[in-house]
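Note sheet for the following structure.
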Amino acid sequence: MLEDRATAVSSPTQWPAAYPRGYAVVDVETTGLARDDRIISAAVYRLDARGEVEDHWYTLVNPERDPGPVWIHGLTSEVLAGAPLFAEVAEEFAARLADRVLVAHNAVFDWQMIAREYARVRGAAPVRQRLCTIALSKELGLPLPNFKLESLAAHFGVVQQRAHHALDDARVLAEAFRPSLRAAAAGGVRLPLLECLPLTEWSDRPVPRQSSGGYGNYRPGSWRPSRKRPACPHPNPGRYEEGKRLKQGMRVAFSGDTSTERELLEDRATEAGLHVASSISRLTSLLVTNDPDSGTSKTVKARQFGTPVVDEAAFGQLLADVEPAEG
Numbered sequence: 007m008l009e010d011r012a013t014a015v016s017s018p019t020q021w022p023a024a025y026p027r028g029y030a031v032v033d034v035e036t037t038g039l040a041r042d043d044r045i046i047s048a049a050v051y052r053l054d055a056r057g058e059v060e061d062h063w064y065t066l067v068n069p070e071r072d073p074g075p076v077w078i079h080g081l082t083s084e085v086l087a088g089a090p091l092f093a094e095v096a097e098e099f100a101a102r103l104a105d106r107v108l109v110a111h112n113a114v115f116d117w118q119m120i121a122r123e124y125a126r127v128r129g130a131a132p133v134r135q136r137l138c139t140i141a142l143s144k145e146l147g148l149p150l151p152n153f154k155l156e157s158l159a160a161h162f163g164v165v166q167q168r169a170h171h172a173l174d175d176a177r178v179l180a181e182a183f184r185p186s187l188r189a190a191a192a193g194g195v196r197l198p199l200l201e202c203l204p205l206t207e208w209s210d211r212p213v214p215r216q217s218s219g220g221y222g223n224y225r226p227g228s229w230r231p232s233r234k235r236p237a238c239p240h241p242n243p244g245r246y247e248e249g250k251r252l253k254q255g256m257r258v259a260f261s262g263d264t265s266t267e268r269e270l271l272e273d274r275a276t277e278a279g280l281h282v283a284s285s286i287s288r289l290t291s292l293l294v295t296n297d298p299d300s301g302t303s304k305t306v307k308a309r310q311f312g313t314p315v316v317d318e319a320a321f322g323q324l325l326a327d328v329e330p331a332e333g
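Using my numbering, read the sequence shown as starting at 7 and increasing by one per residue.
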């Protein structure tokens with residue numbers, strides 16, 4: 007851990023040779039959090055190898071449907087009606103991402119939204135790796151009260167001007183990422199880089215959905231991972247209890263970015279005899295997330311149902327000693 011904040015913001019003279027050569031700090035605002043939701047605005051700050059800003063870019067995007075939670079992002083159907091379609095900005099967006107590591111706060115969400123938009127236009131985002139600033143904050147041991155962007159910004163003295171505006175959120179993140187990157191370099195911290203896997207299955211099957219914004223012809227596609235996991239052979243023994251062991255058959259769900267590649271983490275859970283669930287219900291035994299205060303659908307439902315929550319590190323320790331199923 008890096009406990010000296012002065013050291014954390016200094017720029018080391020010997021830069022780690024293994025660090026990436028450039029970054030694209032990204033923020034997207036969307037119509038919602040589901041797989042068939044759409045991007046309505048996007049911003050990219052391009053940074054050099056040491057986190058210095060090279061340029062920035064911002065665009066609105068017409069989602070061809072209702073804009074979702076206007077009270078959060080402030081973008082109405084009227085504002086978005088004249089905006090370009092994603093297909094019309096895809097090339098410019100790709101140019102901003104090319105040959106760079108995608109950096110975002112809860113990066114798995116931004117990456118998946120971007121990847122799905124490119125899949126809709128029969129393309130692929132030129133992104134091979136992503137870096138989540140939540141995971142980096144944990145690696146650095148930053149003394150944050152939680153892992154919200156506003157807390158990270160406050161830690162480094164970055165002033166937020168327009169929360170949930172893609173351009174300002176990207177600016178804030180770029181300014182907070184620079185000292186984080188320098189702290190990592192100064193401390194010899196290995197960056198928590200994850201591979202950006204392309205979508206492997208995409209179809210244009212209509213998905214019934216209510217529309218309240220005049221985009222009644224919107225026919226979203228659907229995406230799913232290419233492989234199916236075997237059914238868990240053990241019955242669900244119920245919820246995880248703090249201080250006790252996990253038991254084979256427990257239903258475990260994951261939310262948000264993880265330091266370990268998500269598929270690898272899910273594989274380890276499956277191999278231990280757990281049931282990896284894609285959603286939260288009253289039967290879910292445990293939710294694994296590094297950001298329990300986030301507003302994702304899984305964390306919201308976990309709070310509603312009283313589902314136990316642990317972070318990735320605690321889950322890793324629990325996986326080392328899973329109790330066998332009865333019988």
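Quick reminder that beta carbons are idealized off the backbone N, C-alpha and C, glycines included.
Since this is a predicted model, take the numbers as computed values, not measurements.
Whole angstroms is fine: what's the gap from Asp299's alpha carbon to Val306's? One-based indexing of the sequence shown puts residue 299 at position 293. One-based indexing of the sequence shown puts residue 306 at position 300. One C-alpha to the other measures close to 9 Å.
Within its chain, find whatever has a CB closer than 7 Å to the CB of Ser303; leave out the 5 residues flanking it on each side and keep chain order. Position 297 of the sequence shown, counting from 1, holds the residue named residue 303. Counting only Cβ-Cβ distances below 7 Å, and skipping sequence neighbours, we find Leu39.
Take Trp21 and list the residues in its own chain whose beta-carbon comes closer than 8 Å to its own, dropping the five residues that flank it on each side. Along the sequence shown, one-based indexing puts residue 21 at 15. Once the five neighbours on either side are set aside, the close Cβ partners of Trp21 are Ala55, Arg56 and Ala191.
Ala331 to Asp317 span [Cα, whole Å]: In the sequence shown, counting from the first residue as 1, residue 331 sits at position 325. In the sequence shown, counting from the first residue as 1, residue 317 sits at position 311. If you take the alpha carbons of Ala331 and Asp317, they lie about 24 Å apart.
Could you compute how far the alpha carbon of Gly249 sits from the alpha carbon of Ile120? The residue given as residue 249 occupies position 243 in the sequence shown. The residue given as residue 120 occupies position 114 in the sequence shown. Their backbone Cα atoms lie some 39 Å apart in a straight line.
What separation, rounded to the nearest whole angstrom, lies between the Cα atoms of Tyr224 and Arg71? Taking the first residue of the sequence shown as position 1, residue 224 is located at position 218. Taking the first residue of the sequence shown as position 1, residue 71 is located at position 65. A caution first: Tyr224 carries a pLDDT of 34, below 50, which makes its placement in the model unreliable, though a value can still be read off. Going by the C-alpha atoms only, they are around 6 Å apart.
Just the Cα atoms here: how many angstroms apart are Ile78 and Gly88? Residue numbering aside, residue 78 sits at position 72 when the sequence shown is read from its first letter. Residue numbering aside, residue 88 sits at position 82 when the sequence shown is read from its first letter. Taking the straight line from one Cα to the other gives about 20 Å.
Rounded C-beta distance between Ala189 and Tyr51? I'm assuming under 8 Å. Within the sequence shown, numbered from 1, the residue matching residue 189 stands at position 183. Within the sequence shown, numbered from 1, the residue matching residue 51 stands at position 45. Contact doesn't hold; Cβ gap of about 19 Å is too wide.
Pull up the distance between the alpha-carbon of Ala308 and that of Ser285, whole angstroms please. Reading the sequence shown from its first residue, position 302 is the one you call residue 308. Reading the sequence shown from its first residue, position 279 is the one you call residue 285. Those two C-alpha atoms are separated by around 10 Å.
Among Cys202, Ala125, Asp33 and Phe311, which one has its Cα closest to the Cα of Ala169? Indexing the sequence shown from 1 puts residue 169 at position 163. Ala169 has its Cα closest to that of Asp33, out of Cys202, Ala125, Asp33 and Phe311.
Which of the three DSSP states, helix, strand or coil, is assigned to Glu329? Here residue 329 corresponds to residue number 323 of the sequence shown, with the count starting at 1. DSSP places Glu329 in the strand class (E or B) of the three-state scheme.
What are the uninterrupted segments assigned as alpha helix (DSSP H) that are 4 or more residues long and contained completely in the stretch 266 to 333, given in chain order? Segments of the alpha helix (DSSP H) lying fully in the stretch 266 to 333: 268 to 277, 303 to 311 and 318 to 325.
For Ala320, which residues in the same chain have their Cβ closer than 8 Å to its Cβ, ignoring the five residues on either side in sequence? For the purposes of this step, residue 320 is taken as the residue at position 314 of the sequence shown. Cβ within range, chain order: n/a, list empty.
Phe183 CB to nearest heavy atom of the ligand FAD below 7 Å: Ligands are entirely absent from the displayed structure, and the ligand FAD is therefore not among its contents.
State the CB to CB distance for the pair Leu81 and Ile46, rounded to an integer number of angstroms; the pair is presumed to be in contact (CB under 8 Å). As a position in the sequence shown, residue 81 is number 75, starting the count at 1. As a position in the sequence shown, residue 46 is number 40, starting the count at 1. Yes, Leu81 and Ile46 are in contact; Cβ-Cβ is about 5 Å, under 8 Å.
Rank Asp43, Gln323 and Leu91 by C-alpha distance to the C-alpha of Pro75 and give the top, closest one. Within the sequence shown, residue 75 is the residue found at index 69, counting from 1. Closest by alpha carbon: Asp43.
Return the CA-CA distance between Ser228 and Gly193, expressed in angstroms with no decimal places. The residue given as residue 228 occupies position 222 in the sequence shown. The residue given as residue 193 occupies position 187 in the sequence shown. Residue placement at Ser228 is poorly supported in this model, since its pLDDT is 42, which falls under 50; the coordinates are not used for a value here.
Would you mind listing the alpha helix (DSSP H) stretches within the stretch 43 to 123 that are 4+ residues and don't spill past its ends, in chain order? DSSP runs (the alpha helix (DSSP H)) wholly in the stretch 43 to 123: 76 to 79, 83 to 87 and 92 to 103.
Taking the continuous beta strand (DSSP E) assigned at Asp33, which residues delimit it? For the purposes of this step, residue 33 is taken as the residue at position 27 of the sequence shown. Run containing Asp33: Gly28 to Thr36, per the beta strand (DSSP E) assignment.
Buried or exposed: which applies to Asp327, given that a residue is buried once 16 or more other Cβ atoms fall within 10 Å of its Cβ? On the sequence shown, residue 327 is found 321 positions in, with the first residue counted as 1. Exposed, since its Cβ has fewer than 16 Cβ neighbours within 10 Å.
With distances taken between CB atoms, is the gap from Pro243 to Gly255 smaller than 8 Å? By 1-based counting over the sequence shown, the position of residue 243 is 237. By 1-based counting over the sequence shown, the position of residue 255 is 249. Cβ distance < 8 Å, so Pro243 and Gly255 count as in contact.
Whole-angstrom Cβ separation of Leu329 and Leu252, contact assumed at under 8 Å? Residue mapping note: residue 329 aligns to position 323 of the sequence shown, counting from 1. Residue mapping note: residue 252 aligns to position 246 of the sequence shown, counting from 1. The amino acid at residue 329 is misidentified as Leu; the sequence shows Glu. Indeed, because the Cβ distance is near 7 Å, the residues count as touching under 8 Å.
By Cβ distance below 8 Å, which residues in the same chain neighbour Tyr95 in space, the five residues on each side in sequence not counted? Translated into positions along the sequence shown, residue 95 becomes position 89. Note that residue 95 is Val in the sequence shown, not Tyr. The answer, listed in chain order, is Ala48, Thr65 and Val67.
Hey, how far is the Cα of Arg233 from the Cα of Glu277? Looking up residue 233 in the sequence shown gives position 227. Looking up residue 277 in the sequence shown gives position 271. Annotation note: pLDDT 49 at Arg233 (below 50); position unreliable, coordinate value reported separately. Roughly 15 Å between the two C-alpha positions.
If you draw a straight line from the alpha carbon of Ser209 to that of Val127, how long is it in whole angstroms? Numbered from its first residue, the sequence shown carries residue 209 at position 203. Numbered from its first residue, the sequence shown carries residue 127 at position 121. For Ser209, the predicted structure reports a pLDDT of 47, less than 50, and the residue's modelled location is therefore unreliable. The matter cannot be settled from this model.
Give me whichever residues DSSP pairs with Cys238 in a beta bridge. Here the question's residue 238 lines up with position 232 in the sequence shown. Bridge partners of Cys238: none, in fact.
Proximity of His240 and Arg257 at Cβ, strictly below 8 Å: As a first step, residue 240 must be located in the sequence shown, where it is residue number 234. As a first step, residue 257 must be located in the sequence shown, where it is residue number 251. Their beta carbons are not under 8 Å apart, which means His240 does not touch Arg257 by this criterion.
Rounded to a whole number of angstroms, what is the C-alpha to C-alpha distance between Ala259 and Leu292? Along the sequence shown, read from residue 1 onward, the residue named residue 259 stands at position 253. Along the sequence shown, read from residue 1 onward, the residue named residue 292 stands at position 286. Taking the straight line from one Cα to the other gives about 6 Å.
Could you tell me which residues DSSP puts in a beta bridge with Lys253? Taking the sequence shown and counting its residues from 1, one reaches residue 253 at position 247. According to DSSP, Lys253 bridges with Glu329.
Within the 8 Å Cβ cut-off, does Leu146 reach chain C? No chain C is present in this structure, which holds just one protein chain.
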